[in-house]
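Take 7 as the starting number for the sequence shown in the numbering used here and just add one per residue.
Just so it is clear, CB atoms sit at the ideal spot from N, CA and C, and this is done for glycine as well.
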Amino acid sequence: MGAKLRVYKRRIRSVTATKKITKAMEMIAASRVVKAQRQVAASTPYASELTRAVTAVATGSNTQHPLTTEAEQPSRAAVLLITSDRGLAGGYSSNVIKAAEQLTERLKAEGKEVDAYIVGRKGVSYYSFRERKVVESWTGFTDNPTYADAKAIAAPLIDAVQQDTAEGGVDELHIVTTEFISMMTQTAIDDRLLPLSLDKTVAESEETAKGEILPLFDFEPSAEDVLDALLPRYVESRIYNALLQAAASKHAATRRAMKSATDNAEDLIKSLSRLANAARQAEITQEISEIVGGASALADATAGSDK
């Protein structure tokens with residue numbers, strides 16, 4: 007076997023092994039994204055109804071609560087960025103990091119300082135490599151987040167919103183994540199969680215309620231106490247839903263990336279197989295030519311000796 011043919015066969019074996027790995031990863035991601043879709047569908051109604059409840063309290067009373075009241079001159083904002091712990095997901099993490107960068111620039115242009123809170127090793131590595139300050143970070147659960155993870159993330163963020171900016175608190179809380187739309191479409195989005203944007207949430211609540219107007223309520227023991235109880239749940243539920251959306255988006259992106267890698271491996275195997283066949287045919291042709299040439303030379307030598 008010629009050297010060139012050996013090289014082609016070695017590369018075909020290597021690419022075939024890679025194809026088996028990417029195919030297995032594609033199937034694993036496909037099974038995980040189905041589970042993640044179910045979790046998103048199960049958590050979204052709770053988050054939506056809790057948002058309606060908080061909006062009802064905020065709009066049905068005259069209470070000035072720190073989590074629903076706009077600061078007169080906001081000077082500091084917290085940005086929660088949700089990325090992935092792992093790669094091999096195409097542009098998933100880079101897209102959401104890009105969205106966070108755009109949000110950060112916009113907030114800075116408004117004269118606000120930005121505190122970064124990061125979920126996922128990809129985001130932590132991005133900020134660490136650029137030597138940027140991160141207030142808190144969480145890793146290790148982005149593929150399968152739980153409500154306990156959301157509570158752990160929400161706690162320091164709620165504390166920061168409740169503190170005065172002079173003591174390290176923030177006036178606003180923003181979240182940057184990836185919204186799962188379909189298996190083929192996932193979009194990086196940014197949303198302001200706190201202070202609650204009442205105009206937006208009232209519109210969303212009315213749309214959810216099919217045009218019903220939110221009624222006025224009497225609150226026991228007080229509207230402020232109800233807000234104290236509901237708003238942490240609101241933040242936790244929104245963060246949990248965002249984590250699930252991000253997980254579903256990551257699995258879908260991984261499935262798509264691995265399918266593309268598998269298809270590319272198949273194309274490369276076909277191309278290498280054609281080159282290997284051409285090399286083998288060239289070797290066979292050369293061997294035949296050598297045999298014919300040798301036989302011809304031997305015949306000529308035999309004919310000369312007979313004379």
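Residue i versus residue j - alpha carbon distance
{"i": "L11", "j": "E272", "result": "19 Å"}
{"i": "E32", "j": "A285", "result": "33 Å"}
{"i": "A105", "j": "L86", "result": "12 Å"}
{"i": "L274", "j": "A9", "result": "20 Å"}
{"i": "S277", "j": "A267", "result": "15 Å"}
{"i": "E78", "j": "D177", "result": "10 Å"}
{"i": "H257", "j": "R127", "result": "16 Å"}
{"i": "R261", "j": "G174", "result": "41 Å"}
{"i": "G299", "j": "T291", "result": "12 Å"}
{"i": "Y123", "j": "S37", "result": "30 Å"}
{"i": "D74", "j": "E142", "result": "First, the amino acid is wrong: residue 74 is Thr here, not Asp. Going from the Cα of T74 to the Cα of E142 covers about 24 Å."}
{"i": "S131", "j": "L94", "result": "15 Å"}
{"i": "Q70", "j": "E230", "result": "8 Å"}
{"i": "A158", "j": "K15", "result": "53 Å"}
{"i": "A302", "j": "V13", "result": "The question names Ala, but residue 302 in the sequence shown is Ser. Answer to the nearest angstrom: the Cα atoms are 33 Å apart."}
{"i": "K265", "j": "S81", "result": "46 Å"}
{"i": "L109", "j": "S90", "result": "19 Å"}
{"i": "E226", "j": "T65", "result": "16 Å"}
{"i": "D196", "j": "I34", "result": "29 Å"}
{"i": "T145", "j": "R58", "result": "31 Å"}
{"i": "A42", "j": "R17", "result": "37 Å"}
{"i": "M189", "j": "A30", "result": "18 Å"}
{"i": "A209", "j": "V46", "result": "In this predicted model, A209 has a pLDDT of only 47, less than 50, meaning its place in the structure is not dependable; the value taken from the coordinates is given anyway. Roughly 22 Å between the two C-alpha positions."}
{"i": "R280", "j": "P162", "result": "60 Å"}
{"i": "R44", "j": "E185", "result": "14 Å"}
Where residue i sits in the DSSP three-state scheme
{"i": "D170", "result": "coil"}
{"i": "F186", "result": "strand"}
{"i": "H180", "result": "strand"}
{"i": "E296", "result": "helix"}
{"i": "V120", "result": "strand"}
{"i": "L237", "result": "helix"}
{"i": "L202", "result": "coil"}
{"i": "E137", "result": "coil"}
{"i": "Q192", "result": "strand"}
{"i": "D91", "result": "coil"}
{"i": "L250", "result": "helix"}
{"i": "D149", "result": "coil"}
{"i": "L73", "result": "coil"}
{"i": "E78", "result": "coil"}
{"i": "S228", "result": "coil"}
Buried/exposed call for residue i, threshold 16 Cβ in 10 Å
{"i": "G96", "result": "buried"}
{"i": "V60", "result": "buried"}
{"i": "I88", "result": "buried"}
{"i": "N247", "result": "buried"}
{"i": "Q192", "result": "buried"}
{"i": "S228", "result": "exposed"}
{"i": "A23", "result": "exposed"}
{"i": "E296", "result": "exposed"}
{"i": "L304", "result": "exposed"}
{"i": "S211", "result": "A caution first: S211 carries a pLDDT of 48, below 50, which makes its placement in the model too unreliable to give a value."}
{"i": "G129", "result": "buried"}
{"i": "A53", "result": "buried"}
{"i": "T28", "result": "buried"}
{"i": "Q287", "result": "exposed"}
{"i": "A115", "result": "exposed"}
{"i": "S49", "result": "buried"}
{"i": "A194", "result": "buried"}
{"i": "A253", "result": "buried"}
{"i": "T183", "result": "buried"}
{"i": "V40", "result": "exposed"}
{"i": "S255", "result": "buried"}
{"i": "A259", "result": "buried"}
Presumed contact (8 Å Cβ cut-off) between residue i and residue j, rounded CB distance
{"i": "P51", "j": "I164", "result": "At roughly 23 Å, the Cβ-Cβ gap does not stay under 8 Å, so P51 and I164 are not in contact."}
{"i": "E76", "j": "P201", "result": "5 Å"}
{"i": "I1", "j": "I187", "result": "Limits of the chain in this structure are 7 at one end and 313 at the other, which puts residue 1 out of reach."}
{"i": "L233", "j": "V63", "result": "6 Å"}
{"i": "E55", "j": "A160", "result": "Rounded, the Cβ-Cβ distance is 18 Å, inconsistent with contact."}
{"i": "L249", "j": "A156", "result": "6 Å"}
{"i": "A84", "j": "L179", "result": "5 Å"}
Proximity test, residue i beta-carbon vs the ligand NAP heavy atom, cut-off 7 Å
{"i": "A160", "result": "As for the ligand NAP, it is missing from this structure, which has no ligand bound."}
Any chain B beta carbon closer than 8 Å to residue i
{"i": "R12", "result": "Included in the structure is just one protein chain, with no chain B present."}
Query raised in the report: Would you call the region 144 to 153 and the region 161 to 175 touching, i.e. three or more CB-CB distances under 8 Å?
Result: The region 144 to 153 is not in contact with the region 161 to 175.
Query raised in the report: With a cut-off of 8 Å, do at least 3 Cβ pairs link the region 113 to 120 to the region 95 to 105?
Result: no
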